[in-house]
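Trainee: The structure is given below, and queries will be raised subsequently.
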Amino acid sequence: AQSVTQLGSHVSVSEGALVLLRCNYSSSVPPYLFWYVQYPNQGLQLLLKYTSAATLVKGINGFEAEFKKSETSFHLTKPSAHMSDAAEYFCAVRLNTGNQFYFGTGTSLTVIP
Amino acid sequence: EAQVTQNPRYLITVTGKKLTVTCSQNMNHEYMSWYRQDPGLGLRQIYYSMNVEVTDKGDVPEGYKVSRKEKRNFPLILESPSPNQTSLYFCASSRWGGSYEQYFGPGTRLTVT
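So the protein sequences, as listed, match chains A and B. In terms of our numbering, the first sequence has 57 at position 57, counting the first letter as 1, and numbering is strictly consecutive. Numbering-wise, our numbering comes out as the position in the second sequence, counting from 1, plus 113.
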């Protein structure tokens, strides 16, 4: 069973527009949730993480994500896209059972000037 | 500077020629892991290690070996590489406990011909 699903492998937004990248997880117990960003030819960098302290999580570069247990979602948003936001974004989970991490298939964000 | 290093960054080899990709972290992290990244598939966990001499399979362990003799090092070994192991490989480390945030290396692009 897929532990984490990212809807939309490619998302395009205009510069200054809202960014919304979707992530849903499948777990009966809220897991640890992460968003990572990967710029071209680089490793992954943590954007933000959910660890049950607060449902609205603020990360770096103006990104934030809201944990919604009823929807098993952890969507990533940014109010105003910047050209430098163009990258690949990955949602990841660490379930409360076991010691593995599971990544989504990624969403490539294009920002149109 | 806290970091995860991988070597080599790029490697082209031939089928069947044993190779090792090294990974080292300087953060005294207990948990280390290897992932492969393939287009459309995201990151998939190959092996992980909870601590020295403790390793376990991830989702795609076939054709790979690992060892954890020292806390800082976690090499990935391909004893008989095949073309389907052509991929981008990432090593990551994290504290075990707390937020489970992973720190990633810069990646190793492997081509097996």
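The C-beta atom is built at its ideal place from N, Cα and C for all residues, glycine as well.
(1) State yes or no: is the C-beta of G16 of chain A within less than 7 Å of the C-beta of T107 of chain A?
(2) With a CB to CB cut of under 7 Å and the five nearest residues on each side skipped, what residues in its chain are close to H75 of chain A?
(3) Grab me the residues of E192 of chain B's own chain with a C-beta within less than 6 Å of its C-beta, minus the 5 sequence neighbours each way, in chain order.
(4) Quick one, are the C-beta atoms of L44 of chain A and Q38 of chain A less than 7 Å apart?
(5) For Q6 of chain A, count neighbouring Cβ atoms within 10 angstroms of its own Cβ and tell me buried if that reaches 16, exposed if not.
(6) Taking the Cβ atom as the reference point for each residue, do R94 of chain A and P30 of chain A lie within a distance shorter than 7 Å?
(7) Quick one: is Q116 of chain B near chain A, going by C-beta distance under 7 Å?
(8) For Y123 of chain B, count neighbouring Cβ atoms within 10 angstroms of its own Cβ and tell me buried if that reaches 16, exposed if not.
(9) Can you tell me the Cα-Cα spacing of M163 of chain B and K49 of chain A, whole angstroms?
(10) Anything in the region 144-167 of chain B with a Cβ closer than 8 Å to a Cβ of chain A? List those residues in chain order, please.
(11) Take the Cβ of L33 of chain A as the centre, count every other Cβ of all protein chains shown within 10 Å, and call the residue buried at 16 or more, exposed below.
(12) I'd like to know whether the C-beta atoms of T224 of chain B and T199 of chain B end up nearer to each other than 7 Å.
(13) Whole angstroms is fine: what's the gap from T55 of chain A's alpha carbon to S28 of chain A's?
(14) For the region 48-62 of chain A, which residues have a beta carbon sitting closer than 8 Å to at least one beta carbon of chain B?
(15) Do we get a CB-CB distance below 7 Å when we pair T105 of chain A with the residues of chain B?
(16) Which residue's Cα is closest to the Cα of S26 of chain A: A:H82, A:T72, A:F103, A:T51?
(17) By alpha-carbon positions, which one of B:E143, B:G210, B:P152, B:G153 ends up nearest to E187 of chain B?
(18) Relative to the C-alpha of G104 of chain A, which candidate in A:I112, A:K58, A:N96, A:Y89 has its C-alpha closest?
(19) Mind checking D85 of chain A: buried by the 16 CB within 10 Å criterion, or exposed?
(20) I'd like the list of long-range same chain contacts for A115 of chain B, defined as Cβ closer than 6 Å, with 5 residues on each side in sequence excluded.
(21) Taking V37 of chain A as part of the beta strand (DSSP E), name the residues at either end of that continuous run.
Mentor: Straight from the coordinates:
(1) Taking 7 Å as the Cβ cut-off, G16 of chain A and T107 of chain A do not qualify as a contacting pair.
(2) Excluding sequence neighbours, H75 of chain A sits near L20, L21, R22, C23, A65, E66.
(3) Correct list, in chain order: K131.
(4) Contact flag set, yes.
(5) By the neighbour-count criterion, in which 16 or more other beta carbons inside 10 Å mark a residue as buried, Q6 of chain A falls on the buried side.
(6) The answer is no: Cβ separation not under 7 Å.
(7) Cβ-Cβ to chain A under 7 Å: no for Q116 of chain B.
(8) Residue burial is scored here from C-beta neighbours: Y123 of chain B has fewer than 16 other C-beta atoms within 10 angstroms and is therefore classed as exposed.
(9) Approximately 21 Å, taken between the alpha carbons.
(10) Within the region 144-167 of chain B, those residues whose Cβ lies closer than 8 Å to any Cβ of chain A are, in chain order, Y144, S146, Y148, G153, L154, G155, L156, R157, Q158, Y161, M163.
(11) Classification of L33 of chain A: buried, given that the 10 Å Cβ count is 16 or more.
(12) Cβ distance < 7 Å, so T224 of chain B and T199 of chain B count as in contact.
(13) Between the C-alpha atoms of T55 of chain A and S28 of chain A there is a straight-line separation of about 17 Å.
(14) Taken in chain order, the members of the region 48-62 of chain A whose beta-carbon sits within less than 8 Å of a beta-carbon on chain B are K49, T51.
(15) Yes, because at least one Cβ of chain B sits closer than 7 Å to the Cβ of T105 of chain A.
(16) Here the closest residue by C-alpha is A:T72.
(17) Reading the sequence as shown, one finds Phe at residue 187 of chain B and not Glu. The shortest Cα separation from F187 of chain B among B:E143, B:G210, B:P152, B:G153 belongs to B:E143.
(18) Nearest Cα to G104 of chain A within the set A:I112, A:K58, A:N96, A:Y89: A:Y89.
(19) By the neighbour-count rule (16 or more Cβ atoms within 10 Å), D85 of chain A is buried.
(20) For A115 of chain B, where only same-chain residues beyond five positions count, the Cβ hits under 6 Å are M140.
(21) Residues 32-38.
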